[in-house]
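Asker: Adding 1 to a residue's 1-based position in the sequence shown gives its number in our numbering.
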Amino acid sequence: MMAKNPVVSIASSNVPVALLKREREPTMRPLIAGNWKMHGTGPQLPEIAAIAAGVRSTAPTADILICPPSTLITRAVQAAAGQIAIGGQNCASEMSGAFTGDVSAEMLKDAGAAWVIVGHSERRQHHGETDSMVAAKAKAAWRAGLLAIICIGETDAQRRAGNALTVCTDQIAGSVPEGITAVGNAIGYEPLWAIGTGHTPSLAEIGQMHLHIRQCLVARWGAHGRDVRILYGGSVNPANAHSVLAVPEVGGALVGGASLKATDFEAIINEIPAHV
Ligand code: PGA
């Protein structure tokens with residue numbers, strides 16, 4: 002049994018309720034982002050072309066983004082034909098220099114990226130990225146004119162110990178630099194135990210965490226914090242997308258495995274609830 006965190010009470014927080022309750026801005030479209038991770042070479046580009054063609058014909062009420070490996074960015078932009086945005090999965094914090102193997106935000110921008118994911122848990126786990134490194138990467142993204150998805154999320158052990166909310170509070174404090182604006186930027190909430198496992202938190206747990214993240218953002222950035230999109234990520238698929246996207250404060254999804262096939266990703270896009 003997964004330990005439950007205490008329910009977050011708006012009344013007990015020091016965030017003005019009016020700020021939390023304000024209706025979503027009409028311009029705040031959900032963002033459905035695909036993270037291809039280290040998957041994909043030239044033969045997979047038709048998947049992006051197919052997603053772009055689907056977007057052209059259905060005109061979804063969401064921003065659509067695919068983040069392929071860096072080697073595919075330029076070709077992915079061509080395949081996307083202006084219908085969907087293309088992004089990177091990571092960037093260096095430096096602009097250039099003797100950093101063998103690294104790719105700067107400016108280089109991603111030059112390749113045609115509009116976005117970059119920073120602080121994904123796989124970067125934190127396998128490459129030792131800390132909150133301050135993630136914050137530096139987010140700043141680098143903004144410096145280069147990219148929009149950033151800044152990822153946070155707790156481990157299974159942290160959730161079982163009842164620490165999910167505080168872990169995410171600390172990650173927001175350390176990983177989101179000053180100066181975040183609501184225009185485009187997003188927070189990706191991805192519980193590590195839900196990534197690639199087929200297990201997702203309950204809708205109540207997702208709602209509780211997203212409300213908590215919203216409170217953290219509003220407490221620190223006021224109006225800007227109110228409008229930043231908070232994406233849920235971790236085993237999103239066509240079967241659960243509708244209910245996840247309907248949870249209050251879920252402003253989109255960060256999709257791994259189910260973004261690799263156009264048919265799955267389009268099915269998720271088609272599940273965006275009408276009111277989101
Ligand atoms: P998943 O990955 O959808 O395959 O669980 C999500 C992610 O890591 O971004």
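All residues carry an ideal CB built from backbone N, CA and C; glycine is no exception. These figures come from a predicted structure and were not determined experimentally.
For GLY88 and TRP116, which I take to be in contact (beta-carbon distance under 8 Å), what is that distance rounded to the nearest angstrom?
Answerer: Going by Cβ atoms, the distance from GLY88 to TRP116 rounds to 3 Å, so yes, they are a contact pair.
Asker: Below 8 Å, is the gap between the Cβ of GLY189 and the nearest heavy atom of the ligand PGA?
Answerer: At least one heavy atom of the ligand PGA is nearer than 8 Å to the Cβ of GLY189, so yes.
Asker: For PRO70, tell me which candidate among GLY163, LYS140 and GLY113 has the shortest Cα-Cα distance.
Answerer: Nearest C-alpha to PRO70: GLY113.
Asker: In whole angstroms, what separates the C-alpha of THR72 from that of THR42?
Answerer: The alpha-carbon atoms of THR72 and THR42 are separated by roughly 8 Å.
Asker: Return the bridge partner residues of ILE231 from the DSSP annotation.
Answerer: DSSP lists ILE188 as partners of ILE231.
Asker: So what's ALA162 in DSSP terms, helix, strand or just coil?
Answerer: Coil at ALA162, not helix or strand.
Asker: Does the Cβ of GLY180 lie closer than 8 Å to at least one heavy atom of the ligand PGA?
Answerer: Result no, Cβ not under 8 Å from the ligand PGA.
Asker: Could you give the first and the last residue of the continuous alpha helix (DSSP H) run that contains VAL117?
Answerer: Segment 116-119 is the beta strand (DSSP E) holding VAL117; no alpha helix (DSSP H) there.
Asker: What does the alpha-carbon distance come out to for the pair ILE269 and HIS243?
Answerer: C-alpha separation (whole angstroms): 8 Å.
Asker: Return the residue from the list ARG221, ILE196, ILE49 and ARG215 that minimises the CA-CA distance to GLY180.
Answerer: When each option's Cα is compared against that of GLY180, the closest is ARG221.
Asker: Out of curiosity, what's the CA-to-CA distance linking ALA205 and VAL56?
Answerer: Near 31 Å, if we compare the C-alpha coordinates of VAL56 and ALA205.
Asker: What are the partner residues of LEU109, as DSSP defines its beta bridges?
Answerer: Its beta-bridge partners do not exist; DSSP assigns none.
Asker: Report the option in GLN209, PRO44 and ALA99 whose CA atom is closest to the CA atom of THR170.
Answerer: The option with the nearest alpha carbon to THR170 is GLN209.
Asker: In terms of residue numbering, what span does the beta strand (DSSP E) encompassing VAL256 cover?
Answerer: Where VAL256 is concerned, the enclosing beta strand (DSSP E) stretches over 253-256.
Asker: Please state if the CB of ALA34 and the CB of SER236 are separated by a distance shorter than 9 Å.
Answerer: Taking 9 Å as the Cβ cut-off, SER236 and ALA34 do not qualify as a contacting pair.
Asker: Could you tell me if ASN186 is buried or exposed, where buried requires 16 or more neighbouring beta carbons within 10 angstroms of its beta carbon?
Answerer: Buried: at least 16 other Cβ atoms inside 10 Å.
Asker: In three-state DSSP terms, what is LEU148?
Answerer: DSSP places LEU148 in strand when its eight states are reduced to three.
Asker: For SER58, count the other beta carbons within 10 Å of its own beta carbon; 16 or more makes it buried, fewer makes it exposed. Which is it?
Answerer: With fewer than 16 Cβ atoms within 10 Å of its Cβ, SER58 is classed as exposed.
Asker: Under a three-way DSSP split, which group does GLU26 fall into?
Answerer: Bear in mind that the predicted position of GLU26 carries a pLDDT of just 45, short of 50, making it unreliable; the figure below should be weighed with that in mind. Three-state result, GLU26: coil.
Asker: Go ahead and pull the three-state DSSP assignment for CYS68.
Answerer: DSSP places CYS68 in strand when its eight states are reduced to three.
Asker: Mind the definition here: the stretch 151-161 touches the stretch 88-100 only if three or more C-beta pairs lie below 8 Å; say whether that holds.
Answerer: Contact fails: fewer than three Cβ-Cβ distances are below 8 Å.
Asker: Can you determine whether any heavy atom of the ligand PGA sits closer than 8 Å to the C-beta of LEU255, and answer yes or no?
Answerer: For the ligand PGA, at least one heavy atom lies less than 8 Å from the Cβ of LEU255.
Asker: Examine the ligand PGA and report whether any of its heavy atoms sits within less than 8 Å of the Cβ of VAL237.
Answerer: Correct: VAL237 has its Cβ closer than 8 Å to the ligand PGA.
Asker: Between THR264 and the rest of its own chain, which residues show a CB-CB distance below 6 Å, the 5 nearest in sequence each way excluded?
Answerer: Answer for THR264: no residue qualifies.
Asker: So what does DSSP say about ILE269, is it helix, strand or coil?
Answerer: Here ILE269 sits in helix by DSSP.
Asker: Using DSSP bridges, identify the partner residues of ASN36.
Answerer: In the DSSP output, where bridge partners are listed per residue, ASN36 has CYS68.
Asker: Cβ of GLY234 within 9 Å of Cβ of GLY199?
Answerer: Cβ distance not < 9 Å, so GLY234 and GLY199 don't count as in contact.
Asker: Quick check: the Cα distance between ALA195 and GLY98, rounded to an integer number of angstroms?
Answerer: Cα-Cα distance, rounded: 36 Å.
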